[in-house]
Amino acid sequence: GENVEQHPSTLSVQEGDSAVIKCTYSDSASNYFPWYKQELGKRPQLIIDIRSNVGEKKDQRIAVTLNKTAKHFSLHITETQPEDSAVYFCASSGGNKLVFGAGTILRVKS
Amino acid sequence: NAGVMQNPRHLVRRRGQEARLRCSPMKGHSHVYWYRQLPEEGLKFMVYLQKENIIDESGMPKERFSAEFPKEGPSILRIQQVVRGDSAAYFCASSRQVMNTEAFFGQGTRLTVV
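Same order as they appear, the protein sequences are chains E and P.
Under the working numbering, read the first sequence as residues -17 to 92, first letter to last.
Under the working numbering, read the second sequence as residues 1302 to 1415, first letter to last.
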């Protein structure tokens, strides 16, 4: 079945710096790649997604890139703020379900 | 639109009891997914349902776990004879179409087995 690997598992950055989280997937049929942010004790919230017919998508300080050939996609957060501190999950889907990465704990130090 | 609603938010059960978790999808969404999240871990797929049909239950344990999404009413995840290892957060998500479009999660039910 589909497998999604996510790196790093933890990431500490200084406020204002950029953060990059990377994921690889195994199923070449996957065509939808969302990113979720989960704060402690709360629900996962969709922050950005990308489909396989697009290489890059940006929404304010957040961007996602997709390399279908290499089967990897990345989340980029610029000008990080303390409120960006959370767990971030990548996921991929080729049909019936989202398969999630193990998550990245992002800590933004002020 | 109230979003995906799950209840209860917290559920405590003694070993051997039954746990029933409910999920009402967003209005207009007919696809429901259940995920389990152990403390400090990721989200593991359990089951995907449409109204009155189980589409994919490949992530659900073969014994003690069952799910339904009746024609009327919420989707229910049922865990019989709970054990301590069932303690986790159970999240429900819904989408308008199959999961290559936006899926939205409920607040989760935190099950504690004592």
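The C-beta atom is built at its ideal place from N, Cα and C for all residues, glycine as well.
Nothing here was measured: the structure is a model prediction, and the numbers come from that model.
- Taking the C-beta atoms as reference points, E:T62 is found nearer than 8 Å to E:S0.
- Residue burial is scored here from C-beta neighbours: E:A52 has fewer than 16 other C-beta atoms within 10 angstroms and is therefore classed as exposed.
- For P:Q1408, the nearest CB of chain E lies under 8 Å from its own CB, placing it at the interface with that chain.
- With respect to P:I1377, P:A1368 sits close: the two C-beta atoms are nearer than 8 Å.
- Secondary structure at E:R43: coil, using DSSP grouped into helix, strand and coil.
- In the three-state reduction of the DSSP assignment, E:P16 falls in the strand class, which pools E and B.
- Taken atom to atom, the span from the alpha-carbon of E:L80 to that of P:S1396 is near 11 Å.
- CA-to-CA, the gap between E:S56 and E:I3 works out to about 6 Å.
- Along the region 61 to 72 of chain E, going in chain order, the ones with a CB nearer than 7 Å to a CB of chain P are F71.
- CA-to-CA, the gap between P:Q1338 and E:V36 works out to about 30 Å.
- The C-beta of P:P1362 has fewer than 16 other C-beta atoms within 10 Å across all chains shown, which makes the residue exposed.
- Interface criterion not met: the Cβ of E:R89 is under 8 Å from no Cβ in chain P.
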